[in-house]
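The letter at position 111 of the sequence shown is residue 110 when you use numbering that gives the first Met the number 0, and the numbering goes up by one with no holes. Backbone N, C-alpha and C define an ideal beta-carbon position, used for all residues, glycine too. Computed from a prediction, not measured in an experiment: that's the story for all the values here.
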Amino acid sequence: MKIRIRNVLFNFLAIVTVAAVAFIGVNLIAGAKGYAVTSNSMAETLMRGDVVFVRQVSFEELMPGDVVTVRSSGDKFHFTHRIVEIDKESRTITTRGDANNADDPMPTQAERIVGKMWYKIPLVGYLSIFFLNFSKTAGLIALAIVAVSLVVMNSVIIKLKSKKKRGDSDE
């Protein structure tokens, strides 16, 4: 029985696709959302390039020591830091990055808390960070070039195999 590279590749891609769909499904059902870590302010706990997955929790469930993701005051970016203090009366938290020497300058209002860290995946965030440096147009063009290249490569392989089967020569 001859093992064909195309069959192995197809099976590998099928398994990866099923695993990705299951992974996405679990996160959707759990209400989790992922964020790429872009700095080392949480070094040791979270490193640049990690992806942190957070789930929404009520303000009352939060405790000092929890790691939370917060929307910036201008809603332009998110950051993930540890809660060091909670003010239940004003419904704010004070956060600090594990690698920082001081608390973040302003307390965070409850409405800006995206969620509490559920789990992390190391290094996967570099892909997201890489694409943040591209414009969306450049990213789509790069993906289109890769897709077209794969189709062309597949067509060339099929033609070469059919030539070989017919006994055609390249002379």
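Taking every protein chain shown into account, the CB of Ala21 has fewer than 16 other CB atoms within 10 angstroms, so this residue is exposed. Setting aside the 5 residues that flank it on each side, Ile82 is surrounded in the same chain by Leu61, Met62, Pro63, Gly64, Asp65, Val66, Val67, Ile92, Thr93, Thr94, each with a C-beta closer than 8 Å to its C-beta; the list follows chain order. Across the structure, Asp103 and Gly96 are spaced so that their CA atoms are roughly 8 Å apart.
Taking C-alpha positions only, Ala109 is separated from Ser57 by approximately 9 Å. Per DSSP, Val56 lies in no beta strand (DSSP E) and is assigned neither H nor E.
With respect to the C-alpha of Met116, the residue from Ile128, Ser148, Ala31 having the closest C-alpha is Ala31. At the C-beta level, Val51 and Thr79 come within 9 Å of one another. When only Cα atoms are considered, Leu126 and Arg165 end up about 44 Å apart.
In this structure, DSSP gives Gly114 an extended state, which the three-state scheme calls strand.
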